[in-house]
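What the sequence shown shows, in my numbering, is residues 91 to 600, in sequence order. Where is the CB? At the ideal position from N, CA and C, for every residue including glycine. Predicted model only: the values in this text are computed from it and were never measured. Below is one structure; the comments refer to it alone.
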Amino acid sequence: MKHVTFLTLLLLCGIHLSAQRQLGKLNQYFNHVAQQGYMNGNILLAQNGNTIYRRSFGAADIAGGRPNNDSSRFNLASISKVFTSTAILQLKEKGLLHLNDTFQHYFPSFPYSGITIRHLLTHTSGLPDLELYESLIRAYPDTIVTNNIIIPTLIKEKMPLYFSPGDQFRYSNTNYSLLALLVEQLSGQSFAAYLDTHIFQPAGMHRTSCDASSFRPADTAIVTPHVYSMFYDSVYTAVFNVKRYKYTAYNNDAAIGASNIVSTTGDLQLFDKAFFDGRLISAASMKEAFTPVVLNNGDTLWEHMDTMRGEGKGSYGLGWDIFRQPGFGTAVGHGGFKFGLATFYYRNIDLGETIIAFDNAPGAPFGDIITSAFYIMNQQQAFPTHVRQSLVRLFAQAITQYGFDNAVSCLSSLKSDTTHYYFSEKEMNQLGYEFLYFSSFPAHQQLAVQTFMINMLLYPKSFNTYDSYAEALSATGKKQEAILMYQQSIALNPNNADGIRALQRLLSQR
């Protein structure tokens, strides 16, 4: 017996020393992150439901000097979809719905007959995303989109589906806002009350809420999302004060189901523990939620995994991202993004590891930091973390200070250096619109035309680059050139409804 006891003590000592070494490496790495200012938010790491590391960085509100801490509450953004999925599966277990029921069965005025609850959960409905509200908000700029106007807007806009339901995967927040309406209809409770009663309270999540008005917080524990006012700025500001983000940060930030659950890293860990302990849904429902979507042609959806760096593949289940990484098994979770905010929730099912990370002034290293934390948890070297500079920001600074030729030369000479720089079509498109509508620079419209032109030349297979270029050409009076660009955009995407309307308007003016 003494021999067994001695061996047990040796084993316990070994485990303790290993944990101490891991903690030391995590501290060393995150000290570096803090010193370099790479993160502005909170991170929590857990093993088998037990916290092994948590830390806060930077400011909850930069202007007010309020620091982030363990009690800081972040909008979870699209991590909220995990909770909506859980609510739907709970109702399924109660026999109140079947996943292959059509949504129209519960909402007869819904204008698309073939879309099922499963299509909504798996983003295979073909429904539009936030572009659904563009004409409404153009006509009424102070409109705040809430769940109760979604179906009326779908009826009014008569937008065609992007594809037949089940044919393809296309991420759309509309899916999950509709699912929140379904939860309310079947439960007889508001969506927020249902989540509180059936998920938050059972999990012990006392600092979590679902609030459509969370973007106007009275709660000072809620963090402020921060962005650069313009791509060439170097000082962060609150996203709510930046006009170019009004469409997403004001007009489209009140719907629930797809977003707007507000929580802490600690509370999200409580959800993680309750969920995987089987306290919220059954093991059978969990298995179904973590099964990759199968399209109508019989293909299982798999794509290169882009949430964490490294080799692997990803798919989507019922409200959950699914990750498969060589050597590390299967994991599930979800990422979230709003302008000025990045969130990430990861649970490795095979290893029992959980990573929760929030950032309210997100920068390029966010993914590297998450990956490094995962590597250290698995006795590997941290991923080399360095800030790759945005070439779009450098282009913006060059074109405004030294002119177009200098900006193109800068872009051409640095674009191949992917170790230190990155280039984003999306960022370039946003820069073009900054110049077109929000900039006070002299000849700002010409700067927009030049920016969109470069983006179109770099991404000739993207319908959106032609569409944006055409919009700037039209704004500067170059109607014939705009017509040609709209035609090219529509040829690449025949469902570009806004482009079709703009082209028809220009043709009628001939």
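- In the three-state DSSP reduction, arginine 414 falls in the strand class (E or B).
- DSSP places phenylalanine 429 in no alpha helix (DSSP H); its state is neither H nor E.
- A straight line joining the alpha-carbon of isoleucine 245 with that of alanine 150 spans about 40 angstroms.
- Annotated three-state conformation of glycine 131 is strand, per DSSP.
- The Cβ atoms of valine 477 and glutamate 517 lie no closer than 9 angstroms to each other.
- Residue state for serine 267 is assigned as helix, using DSSP reduced to three classes.
- Apart from the 5 residues on each side of it in sequence, isoleucine 459 sits with its Cβ closer than 8 angstroms to the Cβ of Val123, Tyr128, Met129, Ile133, Ala447, Thr475 in its chain, given in chain order.
- The beta carbons of leucine 360 and alanine 379 sit no closer together than 9 angstroms.
- With respect to asparagine 265, serine 215 sits close: the two C-beta atoms are nearer than 9 angstroms.
- Closest option to leucine 166, judged by alpha-carbon separation, among Val352, Asp191, Phe253, Val313: Val352.
- Between the C-alpha atoms of leucine 220 and leucine 226 there is a straight-line separation of about 11 angstroms.
- Closest in C-alpha terms to threonine 233, from the list Asn117, Gly404, Asn342, comes Asn342.
- Between tyrosine 435 and glycine 423, the C-beta spacing is below 9 angstroms.
- A straight-line Cα-Cα distance of about 15 angstroms links glutamine 415 and isoleucine 445.
- By the neighbour-count criterion, in which a residue is buried when 16 or more other Cβ atoms sit within 10 angstroms of its Cβ, arginine 111 is exposed.
- Straight-line spacing of the CA atoms in threonine 236 and glutamine 491 works out to 42 angstroms.
- Around the beta carbon of alanine 472, 16 or more other beta carbons sit within 10 angstroms, so the residue counts as buried.
- When secondary structure is reduced to three states using DSSP, glutamine 540 falls in the helix class.
- When beta bridges are read from the DSSP output, proline 157 appears opposite Ala149.
- For serine 170, the number of other beta carbons within 10 angstroms of its own is at least 16, and it is reported as buried.
- Nearest Cα to glutamine 291 within the set Arg369, Pro218, Glu274: Arg369.
- In the displayed model, glycine 356 falls within a helix according to three-state DSSP.
- The segment 215-248 contains, as complete alpha helix (DSSP H) runs of 4+ residues, the segments 224-229, 240-247 (chain order).
- Distance from the CA of phenylalanine 429 to the CA of isoleucine 573, rounded to the nearest whole angstrom, comes to 32 angstroms.
- With a cutoff of 9 angstroms on beta-carbon distance, threonine 174 and alanine 270 are scored as near each other.
- Assignment of lysine 336 by DSSP, reduced to helix, strand and coil, places it in the helix class.
- In this structure, glutamate 224 places its C-beta atom within 9 angstroms of the C-beta atom of aspartate 588.
- For tyrosine 326, the enclosing beta strand (DSSP E) has its first and last residue at 326-328.
- Our two residues, lysine 569 and valine 317, have alpha carbons roughly 34 angstroms apart in a direct line.
- Within the same chain, Cβ atoms closer than 7 angstroms to the Cβ of tyrosine 119 are found at Ser462, Ile466, Ala472, the five residues on either side in sequence being excluded.
- Annotation for glutamine 520: no residue places its beta carbon closer than 6 angstroms to its own, counting only its chain and skipping 5 residues before and after.
- Burial state of valine 172 is buried, judged by a 10 Å Cβ sphere holding 16 or more other Cβ atoms.
- Tyrosine 556: member of the alpha helix (DSSP H) spanning 553-565, first to last residue.
- With contacts defined by Cβ atoms closer than 9 angstroms, alanine 302 and alanine 344 form a contacting pair.
- Put simply, of Arg600, Gln535, Gly426, Gly148 the residue whose alpha carbon is nearest the alpha carbon of serine 168 is Gly426.
- Relative to the Cα of glycine 404, the nearest Cα in the group Asn387, Thr381, Asn386, Gly388 belongs to Thr381.
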